[in-house]
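Student: Chains as they are written, first to last, in our numbering: chain A, -5 to 312; chain B, 2 to 149; chain C, -8 to 492.
Quick one: this structure, given as structure tokens, is what I'll be asking you about.
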Amino acid sequence: MRRLVWTLLLYLVAFSLAASAAPFPAKPLTYIICFDPGGQSDLEARRQQPLLEELLGTSVIVQYKIGGGGSLGWAELANSPPDGCTMAGINLPHIILQPLLRGDAGYSTEAIVPLALFQATPIGLAVAKDSPWQTLDDFVAYAQDHPGAITVGGSGTYSGHHLAHLQLEKLTNTKLSYVPFTGAAPQVAAFLGGHISAMLANSNDLVLHRDKVRVLAFGARERFSLLPDAPTFLELGLDMIPSIDRGVGVPKGTPLEQIAILEQAFLTIMERPDIQEAMISQGFVPLRLSREESQRYIREMAEEYGAILQELNLTGAQ
Amino acid sequence: MFNSDLTAASLVLGISALAWTQTIHFSPLGGIFVRFVLGVLTLLGLVLLLKGLWFPEMGLWQQPGEDFRLVLSMGGGMAAYLVLIPYLGFLLASILFFSLTSWLLDRHAHAEKRFLRSCSAGIGLTVLFFLAFKYALSVPLPAGVLWG
Amino acid sequence: MLAQAAIAFGNIFAWPNFAFLTLGTFAGIVVGCLPGLTATMALALLVPFTFTMPAMEGLIMLSGLYIGAMYGDAIPATLINTPGTPSAIATTFDGFPLAKKGMAQHSLVAAAFSSLIGGLVGTAMLLFLSPPLAKIAIKFGPGEYFWMAIFGLTIIATLSTGSILKGLIGGALGLLLSTVGISPIAGDVRFTFGLPSLQGGIELIVALIGFFSLPQVLEMVEQYHLHKHIGAFSPKPGINMQVIRELARKPGLLLRSSLVGTIVGIIPGAGGNIASLVSYNEAVRWSSHPEQFGQGTIEGVAASEAANSAVVPGALTPLLTLGIPGSPAAAVILGTLLLHGLRPGPELYTEFSEITYALIFSLIVSSGVMFIMGLWGSQWFARMINFPVSFLAPMITFLSVIGSYAIRNNYLDVVTMLGFGFLGYGSRKLGFHPGPIVLGLILGPMAEQGLVQGMIIGRASGSILHYFFSRPLSAVLILLSIISALWPFLAKSYRRQIKRG
């Protein structure tokens, strides 16, 4: 009997030692998704989930924490223990704008360390196929003659779409009426029904509905292969690259060696040609920014957006 | 003697007053719907108040049943359960809550049988559902400081 | 088309597709049963599995799950007065009174049968009328959504048992509750009282569990000295056939409810919850014995369940033809289609017709599977009512905590749920029914977004009033709202005239 107890105790000690010495990650990882199931953030995580499990040798649990335009999930991430076992999908410019605009969003931009940015969704300005505006010049000319008469739909207020609208107004010296919707589905439905005259939409929605829309300008450095007729804003002489970027982040204070392991896993997935092709065919631009590159990019964006908001006198408005 | 109309009207007017104080800093587009709804709510609350004053006989209070003390202890138990979960973790707090309330309700049984029945149900059903949710359906459950 | 249909049917029954369909339907019923687990969430959970299988198998399984969930939610609605998903709110109105009378099985059989009919009618419309019907989806602009929300609010008159004034107050309170959190239009932070956790607003499911299930627990405890059980159920042979025969004699009710469900399903901003409530309201309005509703009639259950099951094919209608999902769950199906390289639109009916017809017909087959499972299971589910309250009361509380936490993993939601529970119990004592409050909570965002977006568009076009009142579809909805609001008075004078001769 006593031997049995000793053996068991030995096992226990050995087991706990092995557990503490086991290479990271020894525990299942939690991947927080801040937007609805079936949304793009969710689908991307679902695509990565089996690959991550294979690369890291542990299970990855997708957990939804939806609300407040993502702020609930990011606040949860910022407050979770920095042990590398909790990560969350992050979206730019959301994680920059919310802390700037809301007073207290429950987290700060600096509290989230990006592991990698893996996807860009350029924002394009689109009108219906049968619209009289053939080019951005037609559109701008009409807007200058009829201030406020053109309605432009977008998703959310003080979101990526809204800021793109504000930038467009400023650069073209026009006045447009921005109509915010709660997501891509209602926005596109209202657009196809002719309830709004134009929309600022994500590249994947533009690709999905490419037979019914004319893209006047597109928010990337170069033209997109699936929308070859759409000129970029830069080509048209407007200095703006409106885009929504997706990546994944961990709470600040996570040990660097664990960050490196996770970062490497995401970068490896992004190297796969099948993943890149799948993204492009759905209308996304694959990215492969490492932690350092992502941090630098976020810093640059934060300065740019900070300046725009300051100009509009919006920071801490609420 | 309570009058349900007057009680409800004062509650409604209280809630509206509290909400009105919050609407001061709302932007025009963010506040228009709230102000409209609050206006309607306040108006309806006033109508209910007047009705309660003019026709007090119409607003009879539904008398709580004779087991109202049991309701109070059940409500207290629920509140205690929610306070305990963040400390004890979901499983322990649930076993405790289930066994205690089941014991409390099953008061016509013999002492020994009552204890056995409530404890076995509390532990058995709780653990069964805990395992089913956590592992079969992979539903996340609230963890506690002491034990996740 | 006939040849394609035959091939599609053959594909569904081929191994392993039929096994996936059955599994999906069963899983859907389980998920629908458990308040807090939604069809949308379960669908998303399955998406990674569908990567490893061919697109057809994956989509068949998803449609089985969606159909199963729309029946499964009637089970807790009947047994413990808690809708398993928001689509079963109206099912509780008559399902639970039936259970109290010992007729839980009647309610469950009625739910299974009417869900079957709803699924079949909806799918028939999806199959034959897709292109014209999908146009309805985009006819609805902000102005139309606003008026539709107003029309929805006229249901309050039916929902408020007793005092209409208190029903209106409940509705206004629900509208107010819906504005908590970040404003979807202007970005204001409203009524959060400094708590960042409240920025997400009040989740409908949390409010449902709070307003429906906890007050029921407290009421059960209050009545404990009188009833040790909710009701008594003893299985008798022949209930199944009796209920089906009775419902089959009311084709008008079933057809009307299915049509309401399909149309509401097509409209992207409105889902199963609104469909079932509107359908229930119409069932009361057109019934020759409206006083029986709310007292436990299988017609009430049938109206709600036929409608919410017809929402499934309805929501797929604009999705397959236009790429616009008609409901959140349909959005997950859209995602799955895209991940498999299928783009909604005409191509689905030409190049990929095999997969598309398999998806459509799998709705029919899984409705049948769901019906058989529901029929067979009803006598076993109904037995749950025989559990003593001393077990049921802690059990329901325990499940309520799981459900309200699972929806967003936010502990504040659990606390909110308890608060609503106490509020709900107290307000029942004051003569308030939870129905109007929940209705306000559902319709609030629709009304607010429609109003504010409509104002912006109206201002851009020159006149806000002109925008809201002059559009043809808006005019129809305004007229419907007026008729619906005045209906109780119209019906009264009509009956008086009939009496006179």
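For each residue, glycine too, the CB sits at the ideal point set by N, CA and C.
Nothing here was measured: the structure is a model prediction, and the numbers come from that model.
Does Lys219 of chain C get closer than 8 Å to chain A when you measure Cβ to Cβ?
Tutor: no
Student: Among C:Thr69, C:Ile254 and C:Ser78, which one has its Cα closest to the Cα of Ala320 of chain C?
Tutor: C:Ser78
Student: So, are the CB atoms of Phe278 of chain A and Ser153 of chain A less than 8 Å apart?
Tutor: no
Student: Under three-state DSSP, which class holds Ala13 of chain A?
Tutor: Only weak support exists for where Ala13 of chain A lies, its pLDDT of 48 falling under 50; the value from the coordinates is given anyway. Note: Ala13 of chain A maps to helix in three-state DSSP.
Student: Pick helix, strand or coil for Leu138 of chain B, following the three-state DSSP scheme.
Tutor: coil
Student: Quick check: the Cα distance between His189 of chain A and Leu456 of chain C, rounded to an integer number of angstroms?
Tutor: So the two alpha carbons sit approximately 16 Å from each other.
Student: Tell me which residues share the same chain as Leu464 of chain C and place their Cβ nearer than 7 Å to its Cβ, disregarding the 5 neighbours each side in the sequence.
Tutor: Cβ neighbours of Leu464 of chain C within its own chain (closer than 7 Å, five residues either side excluded): Lys130 and Glu135.
Student: Would you call Gln113 of chain A buried or exposed, if buried means 16 or more other Cβ atoms sit within 10 Å of its Cβ?
Tutor: Looking at its Cβ environment, which holds 16 or more other Cβ atoms inside 10 Å, Gln113 of chain A is buried.
Student: Could you tell me the boundaries of the alpha helix (DSSP H) in which Leu189 of chain C lies?
Tutor: Counting along the chain, no alpha helix (DSSP H) covers Leu189 of chain C, and no H or E run does either.
Student: Could you tell me whether the Cβ atoms of Ile146 of chain C and Leu244 of chain C are closer together than 8 Å?
Tutor: no
Student: Using a Cβ-Cβ distance under 8 Å, would Gly431 of chain C count as near chain A?
Tutor: no
Student: Does Gly422 of chain C have its Cβ less than 8 Å from a Cβ in chain B?
Tutor: Yes, Gly422 of chain C counts as interfacial toward chain B.
Student: What separation, rounded to the nearest whole angstrom, lies between the Cα atoms of Ile84 of chain A and Thr129 of chain A?
Tutor: 34 Å
Student: Say whether chain C places a C-beta atom closer than 8 Å to the C-beta of Arg96 of chain A.
Tutor: yes
Student: Give me, in chain order, the residues of the same chain whose beta-carbon lies closer than 6 Å to that of Met234 of chain A; leave out the 5 immediate sequence neighbours on both sides.
Tutor: For Met234 of chain A, where only same-chain residues beyond five positions count, the Cβ hits under 6 Å are Gln161 and Phe227.
Student: Once the 5 residues before and after Pro548 of chain C are set aside, which same chain residues still bring their CB inside 6 Å of it?
Tutor: Since the displayed chain C opens at -8 and closes at 492, residue 548 of chain C lies outside it and no answer follows.
Student: Anything in chain C within Cβ reach of Pro87 of chain B, meaning under 9 Å, just list it in chain order.
Tutor: The contacting residues are Tyr402.
Student: Starting from Thr102 of chain B, find everything on chain C with Cβ-Cβ shorter than 7 Å and list it in chain order.
Tutor: Ala384 and Pro385
Student: Step through the CB atoms of chain B and report whether any lies within less than 8 Å of the CB of Ala476 of chain C.
Tutor: no
Student: According to DSSP, is Asn264 of chain C helix, strand or coil?
Tutor: helix
Student: Below 8 Å on C-beta distance, what does Thr8 of chain B contact in chain C?
Tutor: Ordered by position in chain C, the residues that pass the 8 Å Cβ test against Thr8 of chain B are Leu421.
Student: Do the CB positions of Gln190 of chain C and Gly147 of chain A come within less than 8 Å of each other?
Tutor: No.
Student: Taking only beta-carbon atoms, is Thr115 of chain A less than 8 Å away from chain C?
Tutor: no
Student: Taking 8 Å as the threshold (beta carbon to beta carbon), is Gln444 of chain C in contact with chain A?
Tutor: yes
Student: If you compare alpha carbons, which of A:Ala214, A:Glu216, A:Phe218 and A:Ala224 is closest to Val207 of chain A?
Tutor: A:Ala224
Student: When DSSP labels each residue in this structure, what does Ile473 of chain C get in the three-state scheme?
Tutor: helix
Student: What does Phe134 of chain B touch in chain C if you count any residue whose Cβ is under 7 Å from its own?
Tutor: Ile393
Student: Quick one: using the 10 Å Cβ neighbour count with 16 as the cut-off for buried, is Gly143 of chain C buried or exposed?
Tutor: buried
Student: Just to make sure I have the definition right: I need the residues of chain A whose C-beta is within less than 8 Å of the C-beta of Lys130 of chain C. Which are they?
Tutor: Gly187
Student: Could you spell out the range, first to last residue, of the alpha helix (DSSP H) harbouring Ser103 of chain B?
Tutor: Element bounds for Ser103 of chain B: Phe91 to Leu106.
Student: Under 7 Å Cβ to Cβ from Gly78 of chain B, same chain only, skipping five residues before and after it: list those, please.
Tutor: Phe98, Leu101 and Thr102
Student: Between Ile433 of chain C and the rest of its own chain, which residues show a CB-CB distance below 6 Å, the 5 nearest in sequence each way excluded?
Tutor: Asn264
Student: Buried or exposed, going by whether 16 or more other CB atoms sit within 10 Å of the CB of His111 of chain B?
Tutor: exposed
Student: If you run the structure through DSSP and keep just helix, strand and coil, what is Ile489 of chain C?
Tutor: helix
Student: Answer yes if the segment 325 to 343 of chain C comes into contact with the segment 277 to 286 of chain C, meaning at least three C-beta pairs across the two stretches below 8 Å, and no otherwise.
Tutor: no
Student: Can you give me, in chain order, the residues of the segment 152 to 182 of chain C that have a beta carbon less than 8 Å from any beta carbon in chain B?
Tutor: Leu156, Lys157, Leu159, Ile160, Ala163, Leu164, Leu166, Leu167, Thr170, Ser174, Ile176, Ala177, Gly178, Asp179, Arg181 and Phe182
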